[in-house]
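There are 2 protein chains.
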Amino acid sequence: MSVVRLASARAAAPKPAANTNAKPDWLDTIIKGDCVAALDALPEKSIDVIFADPPYNLQLEGDLHRPDQSKVDAVDDHWDQFESFQAYDAFTRAWLLAARRVLKPNGTIWVIGSYHNIFRVGASLQDIGFWILNDVIWRKTNPMPNFRGRRFQNAHETMIWASRDQNAKGYTFNYEALKASNDDLQMRSDWLFPICNGGERLKKDNGDKVHPTQKPEALLARILMSSTKPGDVVLDPFFGSGTTGAVAKRLGRHFVGIEREQAYIDAAAARIEAVEPVDAATLKLVTSKRAEPRVAFLTLVESGLLQPGAVLTDARKRWEATVQADGSLAHGGEQASIHRMGAKVQGLDACNGWTFWHFESGSGLEPIDALRAEIRKGIAAAGA
Amino acid sequence: MSVVRLASARAAAPKPAANTNAKPDWLDTIIKGDCVAALDALPEKSIDVIFADPPYNLQLEGDLHRPDQSKVDAVDDHWDQFESFQAYDAFTRAWLLAARRVLKPNGTIWVIGSYHNIFRVGASLQDIGFWILNDVIWRKTNPMPNFRGRRFQNAHETMIWASRDQNAKGYTFNYEALKASNDDLQMRSDWLFPICNGGERLKKDNGDKVHPTQKPEALLARILMSSTKPGDVVLDPFFGSGTTGAVAKRLGRHFVGIEREQAYIDAAAARIEAVEPVDAATLKLVTSKRAEPRVAFLTLVESGLLQPGAVLTDARKRWEATVQADGSLAHGGEQASIHRMGAKVQGLDACNGWTFWHFESGSGLEPIDALRAEIRKGIAAAGA
DNA sequence: AGACGACCTGAATCTTGGA
DNA sequence: ATCCAAGATTCAGGTCGTC
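Going down the list, the protein sequences come from chains C and V. The UniProt record's numbering puts the first residue of the first sequence at 1, with every later residue one more than the last. The UniProt record's numbering puts the first residue of the second sequence at 1, with every later residue one more than the last.
Okay, here's the thing in structure tokens:
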């Protein structure tokens, strides 16, 4: 991979190839311009894989503050604003159609989104004729909490992986490599990665983030390692901070980026320039750092290992409490978590409820941690 | 909850309620018939939560309402596919509209699906006016492997949780109970459960499974514990083997099922009949602070817990303010509520005065929230 | 040097009730 | 319907300064 050249959409127009071995001038460049116009200027059937991170169409009303009153830096950029679902659908269809034209017959496309937009994207993909191969969940190790306690913590994003046509069977999927890298188990459709922060996150001189939604390189690495081969051409029509380009170069794939904002282009070009390609064979897939999967006490109740109404005691039977259907413990007219209730009855500040509370098993008193261990045995196969 | 009575859609038609305390005759029954017709026969705004597991195979041509009944000949694959999606969308819109009519204004709906149908369902939900609150991922501990090795192992299903309208803020979400049951961490949008097999899986005499897609009770238990209260009415328009009804009965919720196939109805009715409801006392949810009675700061002064002229400080004694006889705080020549004054001294927009301001008790600095708790204890004793 | 703690931040459709 | 005020609410992890 050579230097990153920047070209306008016009300059990137396809030329009659006098020498078919010549590298197209749009390869390994960032094209500045509107994504549909730029796609239309590329030759058809020239791209192996498309990764797209389109605007999510978040519909934010007021400001959101954390409990400490600090303000959440929201994604309120103009490019994420659409008038209606209809307008968003029109935008989606337009770029998906343009993307499909440049995709090779056996090429595949990845699109990432959240519940705000992913259902519309998925339906448009199907309407246009793409064939969904998988939806893949990016589980975040460190998602932003829900600050007002009115919903579940939004802890994942959804990716759709689709082939160009229902009958395109020749797409690239490195099944064996993925399996070998995953303890000889098939790679599942739920992946666990941290969000992009720390040293990987691009910052301006003033410390502000360069791009509001920079994706982690580990996520792109798994995508490219699973569905491309070395030398393939990867296109990203919403290039942003250039994660796709950086990972493609590192893994020996070619890239094409399309981006409207000059500031993003500049940052991405400098970033990619600094990337050292590695031998793909040496790339290790990121695996979970977490030792033991977290198990909710509620899961023990839901799974029937403990019935609501069951009585738990401490090891010396000095205190007891009743298991509630909601996964709390009741004692003396009050309800709290296993930990809080353990602390409360002892008059302490904190307590590990898993080891404090016991249940009567066939062979005597056992800590509820034994039941957690059973659950964990069942879920070991699912990964952390 | 009484016996499971079976009623036809016609028999379930709403009747003028002579006695508003009478239990509707469709409650805790399985209605046999087409889902849209049966929904249309129920009274509007009568359901608290809907759980729906709609079919997604497209071989239901006869059951789906095609916009154009005429046969299209010589269709190519692409057109045929488009027609199929269109038919599925029409079916989806029809039952979602009927479902929305019977939902209470603050009711919510859960729909589960896979990548085959969930994008269409999600887009239809949004188009109709439902407001998505979360998408929740059911991660399977033991999913079926991908036998051909051509895709990722399909290890999850997607659920969409939505309110009836964008502005319906009063929906039930048992945030505190979920948090208490999850190691005191808020519940995430990715849930881990085994698929339904073993003793829970309904089998025919010949060993065949009764229903192809029986959902695990643990999954429904989490759904109902998170978004319903005891006594709520839960409707399942694709009742199948009756998991929704069985879990609702066990957890002290009412159910309504709609199902076309007599074999499923028979199996579900027998299954639900055998369910033992858990003890009502164990169904009590961890209380949220929002649900507790409001106490005016003035009450603390009136009741003598705080004297006018008493000095309050923050936890680190950086600021102080004087209690006024009218229940305000004075500081720097100004008077304001405990909240406004807390915000003012810190230079913030908002502040919870109950936890910010402290008083000197015998055993050190305590938040005035402790005094509010005392008042509330008195209110509870009086039988609020 | 290393431990500790205060502080900051991330794709967010994030309150409720009474006048 | 709108307006206003009460008051409820966060997890993982990185950075940086202090001891």
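We put the beta carbon where it would ideally sit given N, CA and C, even for glycine.
Span of the beta strand (DSSP E) around residue i
i	result
Lys-377(C)	Here Lys-377(C) belongs to no beta strand (DSSP E); instead the alpha helix (DSSP H) covers 369-379.
Val-49(V)	47-52
His-254(V)	254-259
Phe-238(V)	From DSSP, Phe-238(V) is part of no beta strand (DSSP E); its letter is neither H nor E.
Trp-79(C)	Counting along the chain, Trp-79(C) falls outside any beta strand (DSSP E), and DSSP gives it neither H nor E.
6 Å CB neighbourhood of residue i in its chain, flanking five on each side removed
i	result
Ser-46(C)	Val-102
Ala-315(V)	His-358
Leu-42(C)	Val-102
Ala-155(C)	Lys-140 and Pro-143
Pro-212(C)	Val-75
Pro-367(C)	Thr-355 and His-358
Ile-118(C)	Thr-158
Leu-306(C)	Leu-300 and Val-323
Glu-374(V)	none
Asp-236(C)	Phe-51, Thr-244 and Gly-257
Ala-382(V)	none
Ser-70(V)	Any reading at Ser-70(V) must be qualified, since the residue scores a pLDDT of 47, below 50, and its modelled position is unreliable; the value itself is stated next. Closer than 6 Å at Cβ, skipping near neighbours: no residue.
Close beta carbons around residue i, own chain, < 8 Å, minus the five adjacent residues each side
i	result
Gly-231(V)	Gly-252, Arg-253 and His-254
Ile-137(C)	His-156, Glu-157, Thr-158, Met-159, Ser-189, Asp-190 and Trp-191
Ala-267(C)	Leu-202, Val-210, His-211, Ser-241 and Gly-242
Gly-309(V)	Thr-322 and Val-323
Ser-227(V)	Val-49, Thr-108, Trp-110, Trp-161, Tyr-171, Thr-172, Phe-173 and Asn-174
Gln-59(V)	Here Gln-59(V) scores only 48 on pLDDT, less than 50, and its place in the model is too uncertain to base an answer on.
Bridge partners - residue i, DSSP secondary structure assignment
i	result
Asn-134(V)	Trp-161(V)
Ala-321(C)	Leu-312(C)
Glu-360(C)	Leu-365(C)
Ala-330(V)	Thr-322(V) and Gln-335(V)
Ile-118(C)	Bridge partners of Ile-118(C): none, in fact.
Ile-272(V)	In the DSSP output, where bridge partners are listed per residue, Ile-272(V) has none listed.
Lys-344(C)	Its beta-bridge partners do not exist; DSSP assigns none.
Gly-113(V)	Thr-158(V)
Gln-153(C)	Arg-188(V)
Thr-108(C)	Val-49(C) and Ser-163(C)
Lys-203(V)	Lys-209(V)
Lys-140(V)	Phe-193(V)
Lys-71(C)	His-65(C)
Range covered by the alpha helix (DSSP H) that runs through residue i
i	result
Lys-249(V)	243-250
Lys-179(C)	175-180
Asp-190(C)	Careful: Asp-190(C) lies outside any alpha helix (DSSP H), inside the beta strand (DSSP E) at 190-193.
Thr-92(C)	85-102
Val-301(C)	297-302
Tyr-171(V)	First-last for Tyr-171(V): undefined, no H or E at that position.
Ser-227(V)	217-227
Asp-40(V)	35-40
Same chain only: Cβ atoms within 7 Å of residue i, ignoring 5 sequence neighbours per side
i	result
Gly-378(V)	none
Glu-44(C)	Arg-101 and Val-102
Asn-197(C)	none
Lys-344(V)	Ala-336
Arg-376(V)	Glu-292, Pro-293 and Val-295
Tyr-56(C)	Asp-80, Gly-113, Ser-114, His-116 and Asn-117
Lys-289(C)	For Lys-289(C), the predicted model reports a pLDDT of 42, less than 50, meaning its position is unreliable; a value from the coordinates is still stated below. Contacts found: none.
Query raised in the report: Name the residues in the stretch 255-285 of chain V whose C-beta lies less than 8 Å from a C-beta of chain C; which are they?
Result: Going along the stretch 255-285 of chain V in chain order, one finds Val-278, Asp-279, Ala-281, Thr-282, Leu-283, Lys-284 and Leu-285 with a Cβ nearer than 8 Å to chain C.
Query raised in the report: Going along the stretch 90-107 of chain V in order, which residues come within less than 7 Å of chain C, judged by CB to CB distance?
Result: The stretch 90-107 of chain V vs chain C, Cβ under 7 Å: nothing.
Query raised in the report: Listed from N- to C-terminal order along the chain, which residues in the stretch 109-132 of chain V have their beta-carbon within a distance smaller than 9 Å of any beta-carbon of chain C?
Result: So the close ones are Ser-114, Tyr-115, His-116, Ile-118, Phe-119, Arg-120, Val-121, Gly-122, Ala-123, Ser-124, Leu-125, Gln-126, Asp-127 and Ile-132.
Query raised in the report: When Cβ atoms are compared, which residues of the stretch 163-184 of chain V fall closer than 9 Å to chain C?
Result: Considering only beta carbons, the part of the stretch 163-184 of chain V lying closer than 9 Å to chain C consists of Gln-166, Lys-169, Tyr-171, Phe-173, Asn-174, Tyr-175, Glu-176, Ala-177, Leu-178, Lys-179, Ala-180, Ser-181, Asn-182, Asp-183 and Asp-184, in chain order.
Requested in this report: Name, going along the chain, the residues of the stretch 144-155 of chain C whose beta-carbon falls closer than 7 Å to a beta-carbon of chain V.
Outcome: So the list reads Pro-145, Asn-146, Gly-149, Arg-150, Arg-151, Phe-152, Gln-153, Asn-154 and Ala-155, given in the order they occur along the chain.
Requested in this report: Tell me, please, whether the stretch 156-166 of chain C touches the stretch 175-186 of chain C by the rule of three or more beta-carbon pairs shorter than 8 Å.
Outcome: No, the stretch 156-166 of chain C does not touch the stretch 175-186 of chain C.
Report task. Could you list the residues in the stretch 301-327 of chain C with a C-beta less than 8 Å from some C-beta on chain V, going in chain order? Result -> Of all residues in the stretch 301-327 of chain C, the ones placed with a Cβ closer than 8 Å to any Cβ belonging to chain V are Val-301, Glu-302, Ser-303, Gly-304, Gln-307, Pro-308, Gly-309, Thr-322, Val-323, Gln-324, Ala-325, Asp-326 and Gly-327, in chain order.
Query raised in the report: Of the residues that make up the stretch 18-49 of chain V, which ones have a beta carbon closer than 9 Å to any beta carbon in chain C?
Result: Taking 9 Å as the Cβ-Cβ cut-off against chain C, none of the residues of the stretch 18-49 of chain V qualify.
Requested in this report: Check whether the stretch 270-285 of chain V touches the stretch 325-333 of chain C, taking contact to mean three or more Cβ pairs, one atom from each stretch, closer than 8 Å.
Outcome: Contact between the stretch 270-285 of chain V and the stretch 325-333 of chain C is present: three or more C-beta pairs spanning the two stretches fall below 8 Å.
Query raised in the report: Looking at C-beta atoms only, is the number of pairs between the stretch 82-97 of chain C and the stretch 114-128 of chain C that lie closer than 8 Å three or more?
Result: Enough Cβ pairs lie closer than 8 Å, so yes.
Query - Contact set between the stretch 189-205 of chain V and chain C, restricted to residues whose Cβ is under 8 Å from the partner - result: When C-beta distances to chain C are compared with 8 Å, the residues of the stretch 189-205 of chain V below that value are Ser-189, Asp-190, Leu-192, Phe-193 and Pro-194, in chain order.
Query raised in the report: When you check each C-beta in the stretch 205-228 of chain V against every C-beta of chain C, which residues fall closer than 7 Å?
Result: Within the stretch 205-228 of chain V, the residues whose Cβ lies closer than 7 Å to some Cβ of chain C are Ala-218, Ala-221, Arg-222 and Met-225, listed in chain order.
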